[in-house]
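Below: the structure, in structure tokens.
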Amino acid sequence: MAAGFKTAEPLEYHRSFLKENCRPDGRELSEFRTTTLNIGSISTADGSALVKMGNTTIICGIKAELTNPTADAPGKGYIVPNVDLPPLCSSRFRPGPPGEQAQAASQFIADVIESSDLIKAEDLCVDRGKLCWVLYCDLMCLDYDGNILDACLIALLAALRNTQLPEVGINKETCLPEVDLEKRQKLHIHKHPVGASFCVFDDSILIVDPTDEEENLATAHLTVVTDEDGRLCSVHKPGGTPLSGEKLQECINRATARQREIHKLIDKVLDSVKTTQ
Amino acid sequence: MTSFACDKHRFHLESGVMEVSPSTVSLIREFGCEQTLLSRPDGSASFVQGDTSVMAGVYGPAEVKVSKEIYDRATLEVLVHPKVGLPGVRERSQEQCLRETCEASLLLSLHPRSSLTLILQVLHDDGSLLSCCLNAACMALMDAGLSMGRLFCGVTCAISTDGEIITDPTAAQEKESRALMTFAIDSKERRVMMSSTKGSFSVHELQQCIAVSQKASEKIFQFYRDSVRRRYSKNL
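Dropping the structure here:
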């Protein structure tokens, strides 16, 4: 009976739950799904992490390459994030070039990296004007069940914390770089930006960490990214129904609490990785 | 000039100096708009904000591709063309923001199984590009005569290194700024429909920028009202 109701009237079905201040999967309105984190899951990558938020699964691999710095920023390296939504993760995505959602997600991640000072681009410089690191951060969705932006940010942050760059010296005689793969150093992470996504139902009800179904039925989406100092790195609301200042403040408060939870989670997982090694 | 030509080519300019609070500089650059300037699209507009200029065209409601058909409402497609080169990832992300803002204000359920296409061509970018795109889009949708539940306008705010809020910044001011935010404000309750930010800022600064944008939006909505009134009145 309930299954039939859900298929025929999905919006009414969700409304009947929201009226009672809960959601079809048993969560409260401001409750995130269980977040599971695995760091260092890809042994061949320079850094990697796998994040699960409910069913949503994102894996992030980081590949470091040596390259020439750009002419306008000779003392800086750079980071290239890429979000991939393959047909594997949902029937919504077709094979071929990345769709609008994947491209918008990649741009969002790139904007957060730039806005938050996650890594100082100067740290990636090896030899000014001649040699620098470029970090290719590939984020792949394995299972799409809503809220990929939050999951992508956690995966990226955890993978960067896990990244170890080999030491590079420049041979004075040949002027060629020499990479010492045995000696590796951790990246210096300055800030820990963490996102919290919200959906607006019927122009008024705010729910946190939406699933795929909830995302499709909602009238607006909002992602707030905060760092450990309580500063905002991004308030991303791509259209949808309008939101008042008070509601926005509620979202920001929830996002700051979420930042602390995730920061703790990453630290804990990194510690456990260290002790097993 | 004949009266016919006058009807076809309308150009309204309005310059605005606004006072919000003494600590914030809130000067909107001179802005203007021309509607129905293209013959092929169902609605068109070009919006100029200082030296930033965007041209918009709307086609529809028209037939829709079967793969994009939605059974209970119209499919809206937004295309942003940069001044040089091909549209890239940045344009895709702007398209997403514009599309979802337009979708929320258009009454799409009036045209089920049909398509609407909004094309924006950047003519010159001198800062506040996204807000200029939003304004051009709204003017073009109005010109196309599509039913809308509310209007919207775009306002960009920059926070300079010494904490000053600059509305409608130029490209040079954007480059020097510490944070940059673009909001779409709705005409009904002056609330935030879209928000896109760059750089880090405090909660207080965000709320301040929203307040400044709401204030600045009054000016733009008044301009919308004046231009529509002028267009449809007989004695002006």
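Same order as they appear, the protein sequences are chains X and P.
Numbering-wise (UniProt numbering), the first sequence opens with residue 1 and increments by one.
Numbering-wise (UniProt numbering), the second sequence opens with residue 1 and increments by one.
A virtual CB, placed ideally from N, CA and C, is assigned to each residue, including glycine.
Owing to the predicted nature of the structure, the values given are computational and were not obtained by experimental measurement.
Asked                                                                                                                                                           : Found
Where Ile-210/P meets chain C, residues with beta-carbon distance less than 7 Å                                                                                 : Although the question refers to chain C, the structure presented lacks it and instead comprises the protein chains X and P.
Spatial neighbours of Asn-21/X in its chain, beta-carbon cut-off 8 Å, leaving aside the 5 residues before and after                                             : Glu-28, Leu-29
Three-state secondary structure assigned by DSSP to Glu-173/X                                                                                                   : coil
Local Cβ density within 10 Å of Asn-171/X, reported as buried at 16 or more and exposed below that                                                              : exposed
Run of the alpha helix (DSSP H) containing Leu-86/P, from where it starts to where it stops                                                                     : Where Leu-86/P is concerned, there is no enclosing alpha helix (DSSP H), given that its DSSP letter is neither H nor E.
Range of the contiguous beta strand (DSSP E) that encloses Tyr-59/P                                                                                             : 52 to 62
Cβ distance (whole Å) where Ser-128/P is taken to contact Asp-168/P below 8 Å                                                                                   : 5 Å
Own chain, CB closer than 6 Å to Ile-252/X, minus 5 neighbours either side, in chain order                                                                      : Val-224
Near-chain X residues of the region 84 to 99 of chain P - C-beta to any C-beta below 8 Å                                                                        : Val-89, Arg-90, Arg-92, Ser-93, Glu-95, Gln-96, Cys-97, Leu-98, Arg-99
Residue(s) in a DSSP beta bridge with Met-193/P                                                                                                                 : In DSSP, Met-193/P forms no bridge with anything.
Residues of the region 224 to 236 of chain X with Cβ closer than 8 Å to any Cβ of chain P, in chain order                                                       : Asp-227, Gly-230, Arg-231, Leu-232, Cys-233, Ser-234, Val-235, His-236
Cys-175/X burial status per 10 Å Cβ neighbour count (16 or more: buried)                                                                                        : exposed
Test item: CB-CB of Ser-116/X and Lys-191/X under 8 Å                                                                                                           : yes
Exposed unless 16 or more other CB atoms sit within 10 angstroms - verdict on Leu-206/X                                                                         : buried
Residue-chain proximity (Lys-219/P, chain X), Cβ-Cβ < 8 Å                                                                                                       : no
Coil, strand or helix - Gln-277/X by DSSP                                                                                                                       : coil
Positions along the region 245 to 259 of chain X whose CB lies within less than 8 Å of some CB in chain P                                                       : Gly-245, Leu-248, Gln-249, Ile-252
Neighbour-count burial assignment, Gly-239/X, 16 or more Cβ in a 10 Å radius                                                                                    : buried
Range covered by the alpha helix (DSSP H) that runs through Asp-203/X                                                                                           : Element bounds for Asp-203/X: n/a, residue is neither H nor E.
8 Å Cβ cutoff, Gly-75/X in contact with chain P                                                                                                                 : no
Listed by chain order, chain P residues near Glu-100/X by CB distance under 9 Å                                                                                 : Arg-92, Ser-93, Glu-95, Gln-96, Arg-99
Within chain X, the residues that Leu-199/P reaches when beta carbons sit closer than 7 Å                                                                       : Note that residue 199/P is Gly in the sequence shown here, rather than Leu. Simply Ser-115.
CB contact below 8 Å: Pro-87/X versus chain P                                                                                                                   : no
Three or more C-beta pairs below 8 Å linking the region 74 to 90 of chain P and the region 116 to 136 of chain P                                                : yes
Sub-8 Å separation of Leu-134/P and Leu-106/P beta-carbons                                                                                                      : no
Buried versus exposed, by CB contacts within 10 Å (16 or more), Tyr-144/X                                                                                       : buried
Coarse secondary structure for Thr-44/X, derived from DSSP in three states                                                                                      : coil
Within chain X, the residues that Asp-186/P reaches when beta carbons sit closer than 7 Å                                                                       : Pro-242
Cβ pair count under 8 Å reaching 3, the region 31 to 49 of chain X against the region 141 to 161 of chain X                                                     : yes
Continuous beta strand (DSSP E) assignments of at least 3 residues falling wholly in the UniProt domain "Exoribonuclease phosphorolytic" (31 to 166) of chain X : 35 to 39, 47 to 53, 56 to 67, 78 to 84, 125 to 127, 131 to 143
Interface flag, Glu-103/P vs chain X, CB-CB below 8 Å                                                                                                           : yes
Through-space distance from Tyr-136/X to Leu-37/P, alpha-carbon basis                                                                                           : 45 Å
Boundaries (first-last residue) of the alpha helix (DSSP H) holding Glu-213/X                                                                                   : 212 to 217
CA nearest to the CA of Cys-209/P, picked from Val-235/X, Gln-185/X, Lys-264/X                                                                                  : Val-235/X
Buried or exposed by the 16-neighbour rule on C-beta atoms within 10 Å, applied to Gly-129/X                                                                    : exposed
Limits of the alpha helix (DSSP H) - the one that Val-228/P falls within                                                                                        : 203 to 232
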